[in-house]
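**Q** Sharing a structure with you now.
Residue numbers (my numbering), protein chains in the order written: chain A, 1314 to 1776; chain B, 1314 to 1776.
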């Protein structure tokens, strides 16, 4: 990943919490309180947003706790509850909305020490929340399986972080997002109470931790459904126009007989920022990036060959020293551009499934060179549609909000990635009712990642 | 399968072809010319239709040829071409439209001697056309794979017969039908010419034999895509109303995170005809029959439990001495009823995906007790929808046609199963243009299953 923007060192600041006493409570648990390290790890990739980059620049935890196991997590949760100290869970910190940034200081709970696959049965793995998704897939593949979906940050991201802050990714063109029934089978959480409980959330109930930024309990393990580990082939196809790439991608996404993991059209304006991949992106051509099961390559090529030309084809790789093809898709597309030009930012869109092509075409026509398209075909509620993280040439917050409003007016849902709260960032501008109610059970004092579920009010407190 | 209706023996009839000379040509190839056997094997399950049962009662081949390998198929094709003798390919004869019934006598080519899996690679198997689908799955499962879809007649049906006369079945709720790109990877055919050619049809071209009733070449092998062989669980869920079963089934079909192979709501009026299964079908309750991967049972039950009650749950079985649960679905539902009541028949419907629930409800309301509903959720063109083979209380051909017309007027496609030609039986009432053109290349004299592709006219002949 690219380096973080440089910042001037800031003066030390006294904490409003009794951190010294907390340290005594947590004797034996590895803690980090070096200011520079704490500040650095209190950040995530929110700097993709110029707005969040200003808002969150000074936010930091007071101390980092790095538990080795769930028992240590329980001790930390108990101590924080007793001393009324906020607790923000953090793993790889690959999020883009400040999910893991502590807004009110306190403890940063680094769960990357909780690793490994606890149990596996046909089609199911129970995985420690801090396990790195790439490590999990490497282990699973020996049994013929892999995770159904992963973010483009798979080489750093953890399973727990993906569930807490993700939503979907590579694989969602087949399985939909994490919100679809069956895509999170169960979650184990630790509550933040003076006597923490360990709760198993199964099926529908597991959705209470999905994309809640760690506000609804500390996730320690997840039971996730698996997919067959097909031999995936990375393919790039070049097209004369973006809509040719888009419409062909849509046809591939709709082809239920073609086994696929990724279908991503990308505008010809974006590919010049693609570093090593440029060799396979002819100038002026828009491309379609796909991951296709080897056995489906024949029918796949029959479809893409009608309008496009294959420029790259090789088995998918994600081992050391390689840059996986999926690291040019989803929000990695934005990162590829940001490597050489910090003036842009992005949106998060969900297009209507019942007028998908028209809707994509309208949006492209409406914003011209201000908004540069790449889409992600996904399933959503059982229907094929597209999400998108288009690159926006940024000018002002007012213009950004106008662009968002214009999308929404034309029927494109926006999950605003330039706000910190779950409510503002959701498609419906409110907290999930189940999650909000559940929080009062598992975090009655509102200590978990405070400010993210902004509409939560601890019992007995007026807002 | 149930016994065929009894028929009186008919007098022998001289053939219009030089069968004696043909026998000499085919010396060394196993032939059968005992009239009773030839007549019996010239039939299929067309008797589900009272109309076809009249039309096809007297149709028979003159002789059966049972080749052991493709080389013998080539000899038979050459001899028929030379002597202008019709040639109708037949396998298990499980079709319902007289697909395998020779309308103009001649040779019945029994391809069930061509068996075995020729080759397997990840996700792909090349299978001899006469291989029984159950045998193929038994062999494949040792490698962790299975066929993506099969008809409810899987225990008798062959791969070649399924492709030539099928369209989809158990598994199509996930993969769509055989028409979807990627669901038939390649087909090898023998042409019917004096010097037959062997042609490999790949990808799009393989569609030239899909549901062509063997009119576009003699299929000898098929390259078929495979699916992971999940541990399937058969489940029956009971509901107070048919629409509860239907809407719940639709929700399951749309749930991309739930791995499934069969989702079939069946009316409470039908289940009393379900023999041994009745014990799990509470009186007055409509049911939902499903095959669900073991790992997806949790989220599946979370959905069906909202309105239904599970009455049966056990691992899928299809070995000797068992009646697989899928033998109560698709057109086996009709057969279950016919076992005790021959007065009914059925339709073949495809419902519109964009108003599926309304459309199902309208049809049920329009016909009341005359048309008894069961649906099959499938994917079609990338969208979840339902096909159906509803049971029709039969009165007259005129009424049957009126019921069909009323469906079509309300936007439900009908593939009429009471006609013999491909054209009349198709949703669009015409032959597939590619198939029609291809036939003139591979069967220029129109000897293959004559009368089925009715719009084909051999070169130089006026129709």
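Where is the CB? At the ideal position from N, CA and C, for every residue including glycine.
#1: Using three-state DSSP, classify residue 1658(A) as helix, strand or coil.
#2: To the nearest angstrom, how far is it from the Cα of residue 1441(B) to the Cα of residue 1539(B)?
#3: Between the region 1398 to 1410 of chain B and chain A, which residues of the former have a C-beta closer than 9 Å to a C-beta of the latter?
#4: Since residue 1567(B) and residue 1697(B) are thought to touch, with beta carbons under 8 Å apart, how far apart are those beta carbons, to the nearest angstrom?
#5: Could you spell out the range, first to last residue, of the beta strand (DSSP E) harbouring residue 1704(A)?
#6: Give the C-beta separation of residue 1557(B) and residue 1620(B) to the nearest angstrom, bearing in mind that I take them to be a contact with Cβ-Cβ under 8 Å.
#7: Please confirm whether residue 1453(A) has its beta-carbon closer than 7 Å to some beta-carbon of chain B.
#8: Taking CB distances under 7 Å as the criterion, tell me whether residue 1488(B) reaches chain A.
#9: Give the secondary structure of residue 1536(A) by DSSP, where H, G and I count as helix, E and B as strand, and everything else as coil.
#10: Should residue 1411(A) be counted as a contact of the ligand FAD given a C-beta to heavy atom distance under 6 Å?
#11: By Cβ distance, which residues of its chain are closer than 6 Å to residue 1315(B), with the 5 residues on each side in sequence left out?
#12: What do you reckon, are the CB atoms on residue 1748(B) and residue 1467(B) nearer than 7 Å?
#13: With 16 other CB atoms within 10 Å as the buried threshold, where does residue 1334(A) fall?
#14: Rounded to a whole number of angstroms, what is the C-alpha to C-alpha distance between residue 1693(B) and residue 1612(A)?
#15: For the putative contact between residue 1571(A) and residue 1605(A), defined by C-beta atoms under 8 Å, what is the C-beta separation to the nearest angstrom?
#16: Please check if any C-beta of chain A sits within less than 7 Å of the C-beta of residue 1567(B).
#17: Starting from the C-beta of residue 1322(A), find all residues in its chain whose C-beta is less than 6 Å away, skip the five residues before and the five after it, and write them out in chain order.
#18: In three-state DSSP terms, what is residue 1438(B)?
#19: Could one say the Cβ of residue 1560(B) lies closer than 7 Å to chain A's Cβ atoms, at least one of them?
#20: Tell me residue 1666(B)'s beta-bridge partners as DSSP assigns them.
#21: If I measure Cβ to Cβ from residue 1469(A) and keep anything under 6 Å in the same chain, skipping five residues before and after, which residues do I get?
#22: Look at the alpha carbon of residue 1320(A) and the alpha carbon of residue 1507(A), and state the distance between them as a whole number of angstroms.
#23: Please classify residue 1573(B): is it buried, with 16 or more other beta-carbons within 10 angstroms of its beta-carbon, or exposed?
#24: Please name the residue, chosen from 1631(A), 1414(A), 1339(A), that lies closest to residue 1395(A) on a Cα-to-Cα basis.
#25: Could you tell me whether any Cβ in chain B is nearer than 7 Å to the Cβ of residue 1517(A)?
#26: Roughly how many angstroms lie between the CA atoms of residue 1474(A) and residue 1443(A), to the nearest whole one?
#27: Which residue from 1674(A), 1706(A), 1670(A) puts its Cα closest to that of residue 1684(A)?
#28: Excluding the five sequence neighbours on either side, which residues of its own chain have a C-beta within less than 7 Å of the C-beta of residue 1403(B), listed in chain order?
#29: Suppose you measure from the CA of residue 1760(B) to the CA of residue 1502(B); what does that come to, to the nearest Å?
#30: Using Cβ-Cβ distances below 7 Å, what residues of the region 1521 to 1539 of chain A are close to chain B?
#31: For residue 1548(A), would you say it is in contact with chain B, using Cβ-to-Cβ distances shorter than 7 Å as the test?
#32: Residue 1627(A) versus chain B: which residues are under 8 Å apart at the beta carbon?
#33: Where does residue 1564(B) land, buried or exposed, given buried means 16+ other C-beta within 10 angstroms?
#34: Using a Cβ-Cβ cut-off of less than 7 Å, list which residues of the region 1604 to 1624 of chain B approach chain A; keep chain order.
#35: Looking only at DSSP bridge pairs, what is residue 1498(A) linked to?
#36: What does a CB cutoff of less than 7 Å around residue 1602(B) pick up in its chain, not counting 5 residues either side in sequence?
**A** Judging by the given coordinates:
#1: Residue 1658(A) carries a strand assignment under DSSP once its states are collapsed to helix, strand and coil.
#2: The alpha-carbon atoms of residue 1441(B) and residue 1539(B) are separated by roughly 15 Å.
#3: From the region 1398 to 1410 of chain B, no residue has a Cβ closer than 9 Å to chain A.
#4: Taking a contact as a CB-CB distance under 8 Å, the pair residue 1567(B) and residue 1697(B) counts as one, their CB atoms being some 5 Å apart.
#5: Per DSSP, the continuous beta strand (DSSP E) segment holding residue 1704(A) begins and ends at 1704 to 1706.
#6: The distance from the Cβ of residue 1557(B) to that of residue 1620(B) is about 5 Å, consistent with a contact at the 8 Å cut-off.
#7: No, because no Cβ of chain B sits closer than 7 Å to the Cβ of residue 1453(A).
#8: By this cut-off, residue 1488(B) is an interface position.
#9: In this structure, residue 1536(A) counts as strand in the three-state DSSP scheme.
#10: This structure does not include the ligand FAD; it has no bound ligands of any sort.
#11: Low confidence applies to residue 1315(B): its pLDDT is 39, below 50, so where it sits in the model is not reliable, and the reading given next is rough at best. Its chain contains 1652 as the residues whose beta carbon lies nearer than 6 Å to that of residue 1315(B), once the 5 sequence neighbours on both sides are disregarded; these appear in chain order.
#12: No, the pair does not count as a contact, with Cβ atoms beyond the cut-off.
#13: Exposed, since its Cβ has fewer than 16 Cβ neighbours within 10 Å.
#14: Their backbone Cα atoms lie some 17 Å apart in a straight line.
#15: Residue 1571(A) to residue 1605(A), Cβ: 7 Å. Contact.
#16: Chain A contact via Cβ: present.
#17: Below a pLDDT of 50, predicted positions are generally treated as unreliable, and residue 1322(A), at 49, falls in that range; no measurement from the model is reported.
#18: It is a strand residue.
#19: Judged by the 7 Å Cβ criterion, residue 1560(B) is not in contact with chain A.
#20: Residue 1666(B) is not bridged to any residue.
#21: The beta carbon of residue 1469(A) is closer than 6 Å to those of 1405, 1407 in its chain, skipping five residues each way along the sequence.
#22: Low local confidence applies: a pLDDT of 49 at residue 1320(A) is under 50, so the model's placement there is unreliable, with the coordinate-based value given in what follows. Spanning the alpha carbons of residue 1320(A) and residue 1507(A) requires a straight line of approximately 38 Å.
#23: Result: buried.
#24: Per the Cα distances, 1339(A).
#25: Yes, residue 1517(A) counts as interfacial toward chain B.
#26: Taking the Cα positions, residue 1474(A) is about 8 Å away from residue 1443(A).
#27: The residue with the shortest Cα to Cα distance from residue 1684(A) is 1706(A).
#28: Counting only Cβ-Cβ distances below 7 Å, and skipping sequence neighbours, we find 1354, 1413, 1421, 1422, 1423.
#29: Distance between the alpha carbons of residue 1760(B) and residue 1502(B) is about 15 Å.
#30: Flagged, chain order: 1538.
#31: No, residue 1548(A) does not count as interfacial toward chain B.
#32: The contacting residues do not exist; residue 1627(A) stays about 16 Å from chain B at best.
#33: It counts as buried.
#34: If the cut-off is 7 Å between Cβ atoms, the region 1604 to 1624 of chain B has 1606, 1607, 1608, 1609, 1611, 1612, 1615, 1616 near chain A.
#35: Here residue 1498(A) is not bridged, per DSSP, to any residue.
#36: Excluding the 5 residues flanking it on each side, residue 1602(B) has same chain C-beta neighbours closer than 7 Å at 1549, 1575, 1577, 1579, 1638, 1641, 1642, in chain order.
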